[in-house]
Amino acid sequence: MPATRHVCQVLDEEHRATLELLARVRRAAADEDPAALAAIAPGLARALTHEIGRHFDFEEQQLFPRLHEGGAGDLATLLLEEHHTLRAVAAELLPPARRLAAGAAPGPDEMAVMRRTALEWAERLEAHVHKETQALLPELDNLLDESSDGELAMAYAAQ
């Protein structure tokens, strides 16, 4: 069933874009040529610093409290724990991604760590996105009314 709330539609669009990025990350990390990772490094660094943080912050500050109030606190707690794990992996991945995006030539050891960490991040984030798409968005679609949906959509757009 497609989402009817605007905020759910916006988050779903971001989820789809994230899944596309993760597919590129997986292909680049599997490629033996360092140029493959270098090609996606700017987009990866941007996603790690801005897009994922903005998305997670909005969910944690605006949506998870509503889930707790609406009786879906277990789901909010689980997703929050996953956010913490994803942020920790992202913190490890971000420095080499930034260096690579800036044109620095990493050594083979750093490339191996970056590949491993990129794959771990992609795997964890993909599972998280699917969980949000299948559980969080339907829950919000039922929980929100037109007014709260509009307020949340405006708040997210202003972030």
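Position in the sequence shown (from 1) plus 6 gives the number in my numbering. Glycine included, every Cβ here is placed at the ideal spot set by N, Cα and C. Note that the structure is a prediction, hence the values are computed from the model and not measured.
Local conformation of residue i per DSSP, three classes
i	result
residue 150	coil
residue 80	helix
residue 11	coil
residue 38	coil
residue 156	helix
residue 109	coil
residue 165	coil
The alpha helix (DSSP H) enclosing residue i, as first and last residue numbers
i	result
residue 136	114–137
residue 61	58–64
residue 73	70–75
Presumed contact (8 Å Cβ cut-off) between residue i and residue j, rounded CB distance
i	j	result
residue 29	residue 58	About 16 Å; that fails the 8 Å criterion.
residue 13	residue 164	So it is not a contact: roughly 13 Å between Cβ atoms.
Residue i: CB within 6 Å of a non-hydrogen atom of the ligand FMN
i	result
residue 48	Ligands displayed in this structure: none; no statement on the ligand FMN is therefore possible.
### Task
Count the C-beta pairs between the stretch 81–90 and the stretch 130–141 that are closer than 8 Å, then say yes if the count reaches three, no if not.
yes
### Three CB pairs or more closer than 8 Å across the stretch 44–58 and the stretch 134–148
no
### Message
Count Cβ pairs between the stretch 70–85 and the stretch 9–25 that sit closer than 8 Å; are there 3 or more?
### Response
no
### Query
Touch check for the stretch 116–130 and the stretch 39–49: three-plus C-beta pairs under 8 Å?
yes
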